[in-house]
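As you go down the protein sequences, you meet chains A and B in turn. Under the working numbering, the first residue of the first sequence carries the number 1, and numbering increases by one thereafter. Under the working numbering, the first residue of the second sequence carries the number 271, and numbering increases by one thereafter. Glycine included, every Cβ here is placed at the ideal spot set by N, Cα and C. Have a look at the structure below, then the notes.
Protein chains: 2
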Amino acid sequence: MPKSDKGMEDKTERVNILRLTAESTSEIEDVVVRESPLTIVLNDQELVTLLCSPADQKNLAVGFLYSEGLINSRDEVKSVTLHEGTGVIRVETESGEELAREALFSRLITSGCGHGASFYSATDITGEKVESLLQVSVSEVLALTKEFQHRSETYRATGGVHSAALCDTKNILVFSEDIGRHNAMDKVFGECLLKDIPTDDRLVITSGRISSEILLKVARRNVPILISKSAPTSLGVKMAEELGITLVGFVRGKRVNVYTNNHRITSDGK
Amino acid sequence: MPKSDKGMEDKTERVNILRLTAESTSEIEDVVVRESPLTIVLNDQELVTLLCSPADQKNLAVGFLYSEGLINSRDEVKSVTLHEGTGVIRVETESGEELAREALFSRLITSGCGHGASFYSATDITGEKVESLLQVSVSEVLALTKEFQHRSETYRATGGVHSAALCDTKNILVFSEDIGRHNAMDKVFGECLLKDIPTDDRLVITSGRISSEILLKVARRNVPILISKSAPTSLGVKMAEELGITLVGFVRGKRVNVYTNNHRITSDGK
Chain A
1 MPKSDKGMED KTERVNILRL TAESTSEIED VVVRESPLTI VLNDQELVTL
51 LCSPADQKNL AVGFLYSEGL INSRDEVKSV TLHEGTGVIR VETESGEELA
101 REALFSRLIT SGCGHGASFY SATDITGEKV ESLLQVSVSE VLALTKEFQH
151 RSETYRATGG VHSAALCDTK NILVFSEDIG RHNAMDKVFG ECLLKDIPTD
201 DRLVITSGRI SSEILLKVAR RNVPILISKS APTSLGVKMA EELGITLVGF
251 VRGKRVNVYT NNHRITSDGK
Chain B
271 MPKSDKGMED KTERVNILRL TAESTSEIED VVVRESPLTI VLNDQELVTL
321 LCSPADQKNL AVGFLYSEGL INSRDEVKSV TLHEGTGVIR VETESGEELA
371 REALFSRLIT SGCGHGASFY SATDITGEKV ESLLQVSVSE VLALTKEFQH
421 RSETYRATGG VHSAALCDTK NILVFSEDIG RHNAMDKVFG ECLLKDIPTD
471 DRLVITSGRI SSEILLKVAR RNVPILISKS APTSLGVKMA EELGITLVGF
521 VRGKRVNVYT NNHRITSDGK
């Protein structure tokens with residue numbers, strides 16, 4: 001059975017396994033990434049249970065509520081209290097009970113692992129396009145992505161987590177990991193919200209595929225450039241186009257694919 | 271903008287992109303995996319919108335409803351009707367409106383991308399352990415996994431989908447792909463349900479990481495052996511142990527890791 005590993009901030013556990021080949025059997029100790037349920041209670045009403053990596057839970061809860069449109073600024077958050085033992089996090093907001101009811105109703109309609117179909121029928125999801133004069137060179141994208149990949153210690157140990165980061169054109173400013181790619185992104189934006197870190201005119205990098213849900217999170221924070229070493233989906237490309245976001249995918253080796261709004265990516269020397 | 275590619279069953283789209291290196295810029299055509307919203311309407315009530323690959327939608331809808339415990343057998347399904355243009359699939363069940371209301375209530379409590387915390391506190395999630403005398407050799411696991419990887423054409427074209435399959439010890443019996451690893455698994459089990467394909471004493475292979483939600487889907491179909499080339503999470507390992515499921519991970523090259531219930535995996539010649 002898993003034992004906790006304090007050395008990596010409780011993000012991994014050691015397990016005894018059998019390693020088999022056609023010819024040999026050996027009993028070894030392996031490291032797996034931790035997964036824990038986190039139940040968000042918003043103004044005394046149970047809202048949702050996320051399956052996540054048990055670290056940075058406050059950032060996750062606040063980022064999730066922001067992404068889902070249940071809070072709109074830091075000022076609305078009165079308190080965030082994590083109850084470690086039970087996996088419950090309680091968030092109190094200014095608007096109180098009324099918001100929670102509205103939230104539950106909203107979940108009821110959109111619910112599940114997606115959003116309501118109405119969210120996907122038009123460009124007016126977020127109200128407006130992302131406007132930004134930010135530009136970044138191919139070399140800067142490659143350098144940031146390289147640094148980003150070096151940061152993920154848990155992935156190297158377990159092969160089981162996603163990462164996300166907020167950057168300027170030179171440096172990683174906020175970095176998070178989680179077993180879920182949506183959670184990793186929400187942790188980054190939750191930290192930005194709680195620490196008043198601006199996201200306008202900045203870049204976001206994700207280790208995961210770029211689907212429509214990731215685009216919506218990024219658009220909601222007005223981030224003009226989104227980078228991944230993985231592939232985008234068709235709806236991700238369509239939304240990036242419509243939302244004015246520069247989508248850079250398949251950053252591998254020395255080349256990048258720019259899917260949309262390529263005016264923000266410059267060749268070096270230009 | 272994406273154009274549909276009929277050649278791959280509408281699972282991919284072609285997009286015009288810029289490919290950049292530090293020295294060069296070229297305009298090329300790339301292929302991305304399609305992502306579409308699918309809204310499941312159960313007995314005239316909108317239940318959930320899944321973001322998925324637009325193929326095998328009937329299998330997905332039925333598999334999803336089964337995994338969520340909203341249907342328990344094929345006999346309960348009166349009709350499944352896909353409305354291609356609108357991305358809506360209507361499922362009618364024997365229990366009718368009463369079930370839909372119950373379903374919505376259930377989503378309201380557990381909701382989100384996870385399940386309620388109560389689901390995770392005990393072993394009695396599914397009522398009982400998976401019992402099966404099935405055994406498979408390391409060589410058979412390696413051969414099945416190799417065949418499984420060869421089957422995923424969409425992944426090779428786009429780098430953007432997950433696959434899942436039901437197998438016996440020699441052959442792949444049911445194979446599905448989707449942008450989501452949960453959806454790929456639900457498509458497999460939906461097809462099994464609709465075609466009366468037994469899942470007892472069989473194996474499931476997934477391309478994705480093995481988290482608790484995947485374990486719950488597999489346990490609900492009484493599948494004794496679960497195989498992935500990726501990593502499991504700690505909760506995935508704990509649930510597999512408790513549910514009597516043999517969990518095989520990190521199938522790479524010529525070796526496999528067996529995390530739980532290793533009596534079902536034999537070295538060759540044993």
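Quiz item: Helix or strand or just coil, what does DSSP make of residue 298 of chain B?
Solution: strand
Practice problem: Please report how far the alpha carbon of residue 56 of chain A lies from the alpha carbon of residue 169 of chain A, in whole angstroms. | Solution: 25 Å
Quiz item: Does the beta carbon of residue 292 of chain B come closer than 8 Å to any beta carbon on chain A?
Solution: yes
Quiz prompt | Proximity below 8 Å, CB of residue 67 of chain A to CB of residue 52 of chain A | solution = no
Practice problem: Would you mind sorting residue 298 of chain B into buried or exposed? The rule is 16 or more other CB atoms within 10 Å of its CB. | Solution: exposed
Practice problem: Using three-state DSSP, classify residue 115 of chain A as helix, strand or coil. | Solution: Reliability of the predicted coordinates at residue 115 of chain A is poor, the pLDDT of 36 falling under 50, and the value obtained from them is presented with this limitation in mind. Residue 115 of chain A: coil per DSSP, three-state reduction.
Practice problem: State the start and end residues of the unbroken beta strand (DSSP E) segment that holds residue 519 of chain B. | Solution: 516-522
Practice problem: Count the other CB atoms, across all protein chains shown, that sit within 10 Å of the CB of residue 44 of chain A; report buried if there are 16 or more and exposed otherwise. | Solution: exposed
Exercise. Could you check which residue in A/62, A/70, A/86 has the C-alpha nearest to that of residue 79 of chain A?
Key: A/62
Self-check item: Continuous beta strand (DSSP E) stretch holding residue 286 of chain B: start and end
Solution: 282-290
Quiz item: In terms of residues, what are the limits of the alpha helix (DSSP H) holding residue 197 of chain A?
Solution: First-last for residue 197 of chain A: undefined, no H or E at that position.
Practice problem: Please confirm if the segment 499-516 of chain B is in contact with the segment 420-429 of chain B, defined as three or more CB-CB distances below 8 Å between the two stretches. | Solution: no
Quiz prompt | Three-state secondary structure assigned by DSSP to residue 214 of chain A | solution = helix
Quiz item: Can you name the start and end residues of the beta strand (DSSP E) that residue 351 of chain B belongs to?
Solution: 347-353
Quiz prompt | Simplified DSSP state of residue 527 of chain B, which is helix, strand or coil | solution = strand
Practice problem: Check whether the Cβ atoms of residue 521 of chain B and residue 497 of chain B sit closer than 8 Å, and answer yes or no. | Solution: yes
Quiz prompt | Beta-carbon proximity list for residue 82 of chain A, same chain, < 7 Å, skipping 5 on both sides | solution = 57, 58, 89
Quiz item: residue 71 of chain A bridges to which residues according to DSSP?
Solution: Per DSSP, none; premise fails for residue 71 of chain A.
Quiz prompt | Neighbourhood of residue 361 of chain B by C-beta distance below 6 Å, restricted to the same chain and skipping five residues each side | solution = 312, 331, 350
Quiz item: Is the CB of residue 120 of chain A under 8 Å away from at least one CB in chain B?
Solution: Low confidence applies to residue 120 of chain A: its pLDDT is 44, below 50, so where it sits in the model is not reliable enough to give any reading.
Quiz prompt | Contacts that residue 524 of chain B makes with chain A (C-beta to C-beta distance below 8 Å) | solution = 21, 22
Quiz item: Looking at the C-beta of residue 213 of chain A, does it have a partner C-beta in chain B at a distance below 8 Å?
Solution: yes
Quiz prompt | Rounded distance between the beta-carbons of residue 292 of chain B and residue 254 of chain A, thought under 8 Å | solution = 7 Å
Exercise. Return the first residue and the last residue of the alpha helix (DSSP H) that residue 315 of chain B is part of.
Key: Not the alpha helix (DSSP H): residue 315 of chain B falls in the beta strand (DSSP E), residues 315-322.
Practice problem: Assign residue 527 of chain B to one of two classes, buried (16 or more other C-beta atoms within 10 Å of its C-beta) or exposed (fewer than that). | Solution: buried
Exercise. Report yes or no: do the segment 190-203 of chain A and the segment 229-237 of chain A share at least 3 C-beta pairs separated by less than 8 Å?
Key: no
Quiz prompt | Three-state class that DSSP yields for residue 120 of chain A in the structure shown | solution = Interpretation of residue 120 of chain A is limited by its pLDDT of 44, a score under 50 that renders its predicted location unreliable; no figure is taken from the coordinates.
Practice problem: State the start and end residues of the unbroken beta strand (DSSP E) segment that holds residue 435 of chain B. | Solution: 432-437
Self-check item: Members of the segment 229-263 of chain A that neighbour chain B once the beta carbon cut-off is set at 8 Å
Solution: 230, 231, 232, 233, 234, 235, 236, 237, 238, 241, 250, 254, 255, 256, 257, 258, 259, 262
Quiz prompt | Any non-hydrogen atom of the ligand GDP closer than 7 Å to residue 67 of chain A Cβ | solution = The ligand GDP is absent from the structure shown, which contains no ligands of any kind.
Quiz item: Does the distance from the CB of residue 224 of chain A to the CB of residue 264 of chain A come in under 8 Å?
Solution: yes
Quiz prompt | Contact set between residue 158 of chain A and chain B, taken where Cβ atoms lie within less than 8 Å | solution = 501
Practice problem: Would you tell me roughly how many angstroms separate the C-alpha atoms of residue 220 of chain A and residue 320 of chain B, rounded to the nearest one? | Solution: 21 Å
Quiz item: residue 116 of chain A CB to nearest chain B CB: under 8 Å?
Solution: At residue 116 of chain A, the pLDDT of 36 sits below 50, so the modelled position is not reliable; the number obtained from the coordinates is stated separately. Chain B, which has a Cβ nearer than 8 Å to the Cβ of residue 116 of chain A, makes this yes.
Quiz item: Looking at chain A, which residues of the segment 329-351 of chain B have a Cβ within less than 8 Å of any of its Cβ atoms?
Solution: none
Quiz item: Do you know how far the Cα of residue 401 of chain B is from the Cα of residue 444 of chain B?
Solution: 22 Å
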